[in-house]
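Visitor:
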Amino acid sequence: MRHWGIRNKVLMATLGPTLATTLLLGLFFSSSWVDQIESLLRDRGEALSRQLAAGSEYGLFTANQHLLASLSNALLQEQDVRSISFFDSAGERILHTGPDTHKHDIGEQLQDQVAQQLPYPQSTLFITSVTLQGLMIENLLSGKAEVPSAQQTLGWVAVEMSHIRTEKETYKALLISLLLVLSGVVFSMLVSLRLSRAFTSPVYKLNKAVAELKEGKLETRVCTQAGPEFEQLESGLNAMAAALSMAQADMQQNVDQATEDLRGTLETIEVQNIELDFARKEALEASRIKSEFLANMSHEIRTPLNGIIGFTELLLKGSLARQQRDHLNTIRKSSEVLLSIINDILDFSKIEAGKLTFDRVPFQLRDIVEEVMVMLAPTAHDKNLDLVTLVYNDVPNNLMGDPLRLKQIITNLLNNAIKFTHTGEVVLRASLEEEDASNGSVTLRISVADTGMGLSRAQQRSLFDAFSQADASTARQYGGTGLGLAISKRLTEEMGGKIGLESELGKGSTFWFTLTSTRASQNDSDSPRNGLRGERIIYLEQQKTTGLAMEHLLRNWGVTVERVSSPGAMQERIEQTQQEQTGFAVALIGINRHLLNSNRYRSLVHSIEVDRDCRTLLLTPTMESHDTPLVANVSSHLTKPVLRAELYNELTLLVHGINANDHTADRGYGLATPQPEPDRESLNPWVLAVDDNKANLKLVLTLLQDAGVNTVGAASGFEALTKARCRQFDLVFMDLQMPGMDGVATTQRLRQLETAGCQRAAIIALTAHAMSDERGRLARQGFDGYMTKPVSSRQLLDAVQQHTGLICYDDAEDGGRANEMRDSRRALRPSSRSMTREIISIEESLRLAAGKPDLAEELFSMLLEQITPTVETIEHHWRGGNRLELLECVHKLHGGARYCGVPEVRAAANQLETALKTADSDIDTLTDQLLKALKRLLDWGDNTHWQLLFRQHSSHLHF
Numbered sequence: 001m002r003h004w005g006i007r008n009k010v011l012m013a014t015l016g017p018t019l020a021t022t023l024l025l026g027l028f029f030s031s032s033w034v035d036q037i038e039s040l041l042r043d044r045g046e047a048l049s050r051q052l053a054a055g056s057e058y059g060l061f062t063a064n065q066h067l068l069a070s071l072s073n074a075l076l077q078e079q080d081v082r083s084i085s086f087f088d089s090a091g092e093r094i095l096h097t098g099p100d101t102h103k104h105d106i107g108e109q110l111q112d113q114v115a116q117q118l119p120y121p122q123s124t125l126f127i128t129s130v131t132l133q134g135l136m137i138e139n140l141l142s143g144k145a146e147v148p149s150a151q152q153t154l155g156w157v158a159v160e161m162s163h164i165r166t167e168k169e170t171y172k173a174l175l176i177s178l179l180l181v182l183s184g185v186v187f188s189m190l191v192s193l194r195l196s197r198a199f200t201s202p203v204y205k206l207n208k209a210v211a212e213l214k215e216g217k218l219e220t221r222v223c224t225q226a227g228p229e230f231e232q233l234e235s236g237l238n239a240m241a242a243a244l245s246m247a248q249a250d251m252q253q254n255v256d257q258a259t260e261d262l263r264g265t266l267e268t269i270e271v272q273n274i275e276l277d278f279a280r281k282e283a284l285e286a287s288r289i290k291s292e293f294l295a296n297m298s299h300e301i302r303t304p305l306n307g308i309i310g311f312t313e314l315l316l317k318g319s320l321a322r323q324q325r326d327h328l329n330t331i332r333k334s335s336e337v338l339l340s341i342i343n344d345i346l347d348f349s350k351i352e353a354g355k356l357t358f359d360r361v362p363f364q365l366r367d368i369v370e371e372v373m374v375m376l377a378p379t380a381h382d383k384n385l386d387l388v389t390l391v392y393n394d395v396p397n398n399l400m401g402d403p404l405r406l407k408q409i410i411t412n413l414l415n416n417a418i419k420f421t422h423t424g425e426v427v428l429r430a431s432l433e434e435e436d437a438s439n440g441s442v443t444l445r446i447s448v449a450d451t452g453m454g455l456s457r458a459q460q461r462s463l464f465d466a467f468s469q470a471d472a473s474t475a476r477q478y479g480g481t482g483l484g485l486a487i488s489k490r491l492t493e494e495m496g497g498k499i500g501l502e503s504e505l506g507k508g509s510t511f512w513f514t515l516t517s518t519r520a521s522q523n524d525s526d527s528p529r530n531g532l533r534g535e536r537i538i539y540l541e542q543q544k545t546t547g548l549a550m551e552h553l554l555r556n557w558g559v560t561v562e563r564v565s566s567p568g569a570m571q572e573r574i575e576q577t578q579q580e581q582t583g584f585a586v587a588l589i590g591i592n593r594h595l596l597n598s599n600r601y602r603s604l605v606h607s608i609e610v611d612r613d614c615r616t617l618l619l620t621p622t623m624e625s626h627d628t629p630l631v632a633n634v635s636s637h638l639t640k641p642v643l644r645a646e647l648y649n650e651l652t653l654l655v656h657g658i659n660a661n662d663h664t665a666d667r668g669y670g671l672a673t674p675q676p677e678p679d680r681e682s683l684n685p686w687v688l689a690v691d692d693n694k695a696n697l698k699l700v701l702t703l704l705q706d707a708g709v710n711t712v713g714a715a716s717g718f719e720a721l722t723k724a725r726c727r728q729f730d731l732v733f734m735d736l737q738m739p740g741m742d743g744v745a746t747t748q749r750l751r752q753l754e755t756a757g758c759q760r761a762a763i764i765a766l767t768a769h770a771m772s773d774e775r776g777r778l779a780r781q782g783f784d785g786y787m788t789k790p791v792s793s794r795q796l797l798d799a800v801q802q803h804t805g806l807i808c809y810d811d812a813e814d815g816g817r818a819n820e821m822r823d824s825r826r827a828l829r830p831s832s833r834s835m836t837r838e839i840i841s842i843e844e845s846l847r848l849a850a851g852k853p854d855l856a857e858e859l860f861s862m863l864l865e866q867i868t869p870t871v872e873t874i875e876h877h878w879r880g881g882n883r884l885e886l887l888e889c890v891h892k893l894h895g896g897a898r899y900c901g902v903p904e905v906r907a908a909a910n911q912l913e914t915a916l917k918t919a920d921s922d923i924d925t926l927t928d929q930l931l932k933a934l935k936r937l938l939d940w941g942d943n944t945h946w947q948l949l950f951r952q953h954s955s956h957l958h959f
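Okay, structure coming up:
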């Protein structure tokens, strides 16, 4: 009603109550009238039925139907009487007059001395009992006749009253009420319309006058003659129009004066613009000087840092005492911290100067997250923190954007979480927040939650400000510049996202940011990983969130995962499933650092690997050394957080005994098919390194020469040109800032030499400049790429491979990992899915040796020595199809197994020997079973101190 006009409101105010009252009165009187008509019909029916009952007493008593007929005929003359029926005391109808429509409905409802009303659609039946009065009995009967008792029911009379006249009266009453209501409504509407017109007509005139005044017609005046209230409004509106007219005249005079003043002001502004232009040029010059200063400072700081970090890594590759290695690690970590501080300051300067650019290239989100996690895992594991990644299935993997800046944001948030968390876990979650299918854009939410100290509301307000930390002592206790979150905030906003945090003091913090990007392709899945679908894995993990992430990943590959809570439960469950012939493919064990030397877990691994022949994959935090007994006894080992590709490859190797993919050539682990090695000196490319800093030059030469690259050094641009004239180089690492002839001028001279007939060399700039767009400028100056100092051996070798095609291995990194990969890629036997016979029975061995432990040891030792050559012989004859030689070898093995307690080998040899003699078709399967049994026995002997078992068991028997 708030938006209704005055006319509608007046109509509502007048019509509403009137209509409601009229309708209520009409309904009331109509209802009363109808009820009265129905009541009259009931009263009249009851009266006629009572009169008929009294008059028919004698007729019913004497069964005089003639008398009853005369009574009924007389009563039928009454209005609304439709039919009359008489019933005797047994309920049988004696006489009926009128239409007979309810013959079968009355007899069963008769009750003694009870008046009844039976309503029907077209009529109502009134039933009254007829009783015998005492006075009439004395007057009418002789003394000899049998006299009924007084008040005894003689019968019943039923009078049927029609509803036709009643319905007519009802319709008449409703019609009269309706006419009266309609008359009242019409009258009310006429009165309401007259009143509304009296109110709205003056208002319309006032509105029209206001509209004319709004259009600027200030001479407009209004006169409604509608009453004293409207007269006051008219006078006020007319006065306002007169005032506006006078104000307009004054305003025009003021506008003329202001125009004159504005002309003078514009002249002043022109002078100020000229001064601002001079100030802008000075600011640009200051910004240029600042950029040059930061670039020079970057070069001057990064140059010595390059030598410090590089030679520290070179020293760490050698054999050092533990104390010396600790000192060098301290130097390396301190240098990396200093480098990260410099990078933060330079990045912030780029942002402030507006020179930060973003790439738009395709990248894989999960690979970036894994790279950051692996990089920060050692720091987290040093503090016994659990580092977990949860990337949900609906999150697209292939996206477009700047992977380097995204990695920088994630690294900053994770670094902060690890730095300020002392116990518990740090969890990175990536979820899909919004998706637009029309243009392929997606909005992701990436959060980093920790269980650290938390932040108060006051600390949260200033946390994203530059050079700000939680409190004044934070920088002293944890280090850092306080720029990480400020840079992350600016980077996120520049990429179109938001960043924030949710924290409570003492309960940890959750930093989050959103990333808006587009899909790089419609297929967001990784390379198909269906090789593990349908397999069953048992999983033991103490860290709840890590276990959840691992289950999420494995189930996404179609693996059935069964979680257990303790080593005992895992051992019991593996034994139970093998007895049921449904054993697990792999036993996955995740442990903390303090459990690496646990005897309980060592016993568990030995039982699973040796006794149950089930392959195990151990997941551990980052360790300084991998030669612990627990790691040495498992089939495979990975460090947390686990990479998807490595986990899939290891599981495929453990489940199927084969590598998931042959990536040896791509990954550079030296596992490709051996080829004749050509003359390295003649085929290797030549590399020229140019740097005026002796330490940096020596570092580059050392790193390249250690990798087997033919390298020549030059300390200046002139020396580089001299050596380029003497020899053709395939790749040049050029320092930019050198005295005399700098790197740019040297590069231009080298390009001139190439136009004179020399082979074109790839030139890579070694620069520490960080404030300008180096990539585009250097490309225009003839460079093929650039590397930012400090450079690592991996960066140098990657550049050599990219520009020359030579694959180089760093002995300390790639070589060590190659050996590790070779070891982990060994051929493994898949897990036993069923319970096999006992590998060895000490009791049976002693019994066969007449209870002599020395003889039992000797017999078992002789059998173990024969296993390796026997396996080779069996495989040779099996593949060659030599059944006779195979039968002879198996027979000999079977004979030797008869004197040792090796039930599994003995049974397998017996079955194969029988099959060879009977020419059974299942020889291949039985041969494979025998080979597996022999390998299990050999593994048991290598991993068990069996001599001690023989002696201990022998002592127990003697006791």
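Under full-length UniProt numbering, the letters of the sequence shown match residues 1 to 959, in that order.
Backbone N, C-alpha and C fix where the C-beta goes; we use that ideal spot for every residue, glycine too.
If you're wondering where the values come from, they're calculated on a predicted model, not measured in any experiment.
1) Do L884 and A909 have their CB atoms nearer than 8 Å?
2) What are the start and end residues of the alpha helix (DSSP H) that includes H894?
3) Here's the rule: buried if 16 or more other CB atoms are within 10 angstroms of the residue's CB, otherwise exposed. What is S438?
4) Near T628, what residues of its chain come up, given a Cβ to Cβ distance below 7 Å and the 5 sequence neighbours on each side ignored?
5) Write down every uninterrupted run of the alpha helix (DSSP H) in the region 350-427 whose length is 4 residues or greater and which is fully enclosed by it, in chain order.
6) Straight-line CA distance for L193 to M12?
7) Which one of L118, M787 and V374 has the shortest CA to CA distance from V700?
8) Kindly identify the DSSP beta-bridge partner or partners of G785.
9) Thinking C-alpha only, which one of T101, W156 and E92 is nearest Q116?
10) Cutting at 7 Å between CB atoms, please list the residues of its own chain near H606, excluding the five before and the five after it.
11) From what residue to what residue does the beta strand (DSSP E) around D854 run?
12) Give the range of the beta strand (DSSP E) segment to which P621 is assigned.
13) Can we say the region 35-54 touches the region 155-171, given the rule of at least three CB pairs closer than 8 Å?
14) Do L736 and L697 count as a contact pair if the criterion is CB distance below 8 Å?
15) For a quick check, are the C-beta atoms of D100 and L41 less than 8 Å apart?
16) Are L76 and G59 closer than 8 Å when you measure CB to CB?
17) Alpha carbon to alpha carbon, how far is W946 from K407?
18) How would you label K281, buried or exposed, when you count the other beta carbons within 10 angstroms and need 16 or more for buried?
19) Who are the near neighbours of K932 in its chain, counting only those whose CB is closer than 6 Å to its CB and skipping five residues on each side?
20) Is S615 helix, strand or coil by DSSP?
21) Considering only their Cβ atoms, is the gap separating A283 from N398 smaller than 8 Å?
22) Which of the three DSSP states is assigned to I269 in this structure?
23) Going by Cα to Cα distance, which pick from N416, V395 and S456 is closest to E435?
24) Is the CB-CB distance between A689 and F733 below 8 Å?
25) So, L588 versus L619, is the Cβ gap smaller than 8 Å?
26) Rounded to whole angstroms, what's the CA-CA distance from R826 to I763? Just pull it up for me.
27) Would you mind giving the Cβ-Cβ distance between L916 and L934, rounded to the nearest angstrom? I have them listed as a contact below 8 Å.
28) Assuming L532 contacts V561 (C-beta within less than 8 Å), just tell me the rounded distance between them.
29) Could you check whether K383 and I418 sit closer than 8 Å to each other, using their CB atoms as the reference points?
30) I need the DSSP call for R519, collapsed to helix, strand or coil.
31) Quick check on the DSSP output: the beta strand (DSSP E) that includes D735 runs from which residue to which?
32) Do you know how far the Cα of L320 is from the Cα of R288?
33) With a CB to CB cut of under 6 Å and the five nearest residues on each side skipped, what residues in its chain are close to N238?
34) Within 10 angstroms of its Cβ, does N329 collect 16 or more other Cβ (buried), or is it exposed?
35) State whether the region 419-435 contacts the region 450-459, with contact taken as three or more CB pairs (one from each stretch) at a distance under 8 Å.
Guide: To lay it out plainly:
1) Going by C-beta atoms, L884 is not nearer than 8 Å to A909.
2) That run of the alpha helix (DSSP H) goes R883 to A897.
3) S438 counts as exposed, since fewer than 16 other beta carbons sit within 10 angstroms of its beta carbon.
4) Answer for T628: L596 and N597, listed in chain order.
5) Those alpha helix (DSSP H) runs which fall completely within the region 350-427 and span 4+ residues are 365-382 and 403-419.
6) Looking at the two C-alpha atoms, the distance is approximately 10 Å.
7) Distance check between V700 and each of L118, M787 and V374 places M787 closest, using alpha-carbon atoms only.
8) Answer is I764, bridged to G785.
9) Considering only alpha carbons, the answer is W156.
10) Closer than 7 Å at the Cβ level, and outside the excluded window around H606, lie N633 and N943.
11) Looking at the DSSP string, D854 is not in any beta strand (DSSP E); the run it does join, the alpha helix (DSSP H), is P853 to G880.
12) Annotation: P621 is outside any beta strand (DSSP E) and is labelled neither H nor E by DSSP.
13) Under the three-pair Cβ rule at 8 Å, the region 35-54 counts as touching the region 155-171.
14) No, the pair does not count as a contact, with Cβ atoms beyond the cut-off.
15) In this structure, L41 does not lie closer than 8 Å to D100 by Cβ.
16) The Cβ atoms of L76 and G59 do not sit closer than 8 Å to each other.
17) Spanning the two alpha carbons is a distance of roughly 53 Å.
18) By the neighbour-count criterion, in which a residue is buried when 16 or more other Cβ atoms sit within 10 angstroms of its Cβ, K281 is exposed.
19) Around K932, the same chain offers no residue with a beta carbon nearer than 6 Å, after the five sequence neighbours per side are excluded.
20) Note that residue 615 corresponds to Arg in the displayed sequence, not to Ser. The answer is strand: DSSP assigns R615 an E or B state.
21) N398 places its beta carbon 8 Å or farther from that of A283.
22) Under the three-state reduction of DSSP output, I269 falls in the helix class.
23) Looking at the Cα atoms, V395 is the closest of the given residues.
24) Yes, Cβ-Cβ distance for A689 and F733 is below 8 Å.
25) Cβ atoms of L588 and L619: closer than 8 Å.
26) The pLDDT assigned to R826 is 45, lower than 50, so where the model puts this residue is not dependable; a value taken from the coordinates is nonetheless given after this. Here the C-alpha atom of R826 lies approximately 41 Å from the C-alpha atom of I763.
27) Contact check for L916 and L934: beta-carbon distance about 16 Å, past the 8 Å limit, so the pair fails to qualify.
28) 11 Å between Cβ atoms; not a contact.
29) For I418 and K383, yes; Cβs fall inside 8 Å.
30) If DSSP states are grouped into helix, strand and coil, R519 belongs with the strands.
31) Taken as a continuous stretch (DSSP letters only), the beta strand (DSSP E) holding D735 covers L731 to D735.
32) Roughly 47 Å between the two C-alpha positions.
33) The beta carbon of N238 sits closer than 6 Å to the beta carbons of R221 from its chain, once the five residues preceding and following it are set aside; these are given in chain order.
34) N329 is exposed by the Cβ-count criterion.
35) Counting C-beta pairs closer than 8 Å gives three or more between the region 419-435 and the region 450-459, which meets the contact rule.
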